[in-house]
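J.:
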Amino acid sequence: MVSKTKIDIVNSALVLVGDNPITSLDDQTTQALVANTLLDDIVEAELFETRWRFALNTSVSTFVSSKTHPTGLGVFQIPSGTIRIWNVLERGKSVLGEWEMEGDKLLIDADANSDIAIERTVEPHVAYWPPHFRMAIIHALAAVFCMGLTDNDDKSKLLSAVGDTYRRKARAQDSGQSTPRVVNTSQMLASRRGVRSGNEGLI
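Each residue of the sequence shown is one higher than the last, beginning at 0 in numbering that gives the first Met the number 0.
#1: Go ahead and label Arg167 buried or exposed: buried means 16 or more other beta carbons lie within 10 angstroms of its beta carbon, across all protein chains shown.
#2: Is DSSP giving Thr204 helix, strand or coil here?
#3: Can you name, in chain order, every residue of its own chain whose Cβ lies under 8 Å from the Cβ of Pro123, other than the five neighbours on each side?
#4: Can you say whether Val181 is buried or exposed, counting buried as having 16 or more other CB atoms within 10 angstroms of its CB?
#5: For Leu106, name the three-state secondary structure that DSSP assigns.
#6: Can you tell me where the beta strand (DSSP E) holding Gln172 begins and where it ends?
#7: Given a threshold of 16 other Cβ atoms within 10 Å of its Cβ, counted over all protein chains shown, does Gly91 qualify as buried or as exposed?
#8: Quick one: what's Met100 bridged to in DSSP?
#9: In angstroms, rounded to a whole number, what distance separates the CA positions of Lys3 and Leu157?
#10: How is the alpha helix (DSSP H) around Ile137 delimited, first residue to last?
#11: Identify the continuous alpha helix (DSSP H) that holds Ser11 and give its terminal residues.
#12: Give me the residue from Asp25, Pro129, Ser64, Val59 with the minimum Cα distance to Gly73.
#13: Which class does Ala31 belong to by DSSP, given the choice of helix, strand or coil?
#14: Where do the ends of the beta strand (DSSP E) carrying Ile115 lie?
#15: Less than 8 Å between the CB atoms is what I'm expecting for Pro20 and Asn10, so what's the real figure, rounded?
#16: Taking the alpha-carbon positions, what's the Gly102 to Thr81 distance?
#17: Please name the residue, chosen from Ala12, Ile77, Trp51, that lies closest to Phe62 on a Cα-to-Cα basis.
#18: DSSP three-state call for Leu24: helix, strand or coil?
#19: Considering only the beta carbon of each residue, do Ile137 and Val42 sit closer than 8 Å?
#20: To the nearest angstrom, report how far apart Asp163 and Asn112 are at their CA atoms.
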């Protein structure tokens, strides 16, 4: 695996627009300012949009005994670094009942005796980004650089289009990284009867 850092991503994007690489994200340059302002937002938006397997993480959510909620639902702490929650688990099984998010807290019909975990998206280190995902981010950043540094709208659109192609390839490859899951028919029936799956709660 080729080791990469965020400055490598930035410099690859700069090369695409015909600009010079920077030596540090702390440089007092327009390039560094744009990168520091927008790169994290671009990455977070991309990770939020799709259930990327390489960015999935299952973590324990701890009960917050010091807080009560008017609804009577239990209050659990959402682990730091969570970009999006895809599923809530109790003792390893999907919770079929209602759950929702309130700030950095998870509200669920559970208590201190419950074993609650969340399946979530986090941001992996750049070194663990798949190649096509990495190229999608590079082209998305390059499109921003193109508008901010050269005001070349046509080239910016071209870079965005190329980035979309890499994104589609990344999604196709990511979807083939595991064996098909067994369909949870009970959960499907519950959903059809109006039970909220919990995906209403987004970060």
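We put the CB at the ideal spot given by N, CA and C, even for glycine.
Computed from a predicted structure; not experimentally measured.
T.: Taking the definition as stated:
#1: Exposed.
#2: Outside the displayed span of the chain (0 to 202) sits residue 204, for which this structure offers no information.
#3: Phe53, Ala54
#4: Caution is warranted here: a pLDDT of 46 is assigned to Val181, below 50, making its placement in the model unreliable, and no coordinate value can be reported.
#5: Under the three-state reduction of DSSP output, Leu106 falls in the strand class.
#6: Segment 152-174 is the alpha helix (DSSP H) holding Gln172; no beta strand (DSSP E) there.
#7: exposed
#8: Under DSSP, Met100 forms a beta bridge with Leu105.
#9: 25 Å
#10: From DSSP, the alpha helix (DSSP H) with Ile137 extends over 130-144.
#11: 5-15
#12: Ser64
#13: helix
#14: 115-120
#15: 4 Å
#16: 12 Å
#17: Checking every option, the nearest Cα to that of Phe62 belongs to Ile77.
#18: DSSP places Leu24 in coil when its eight states are reduced to three.
#19: no
#20: 46 Å
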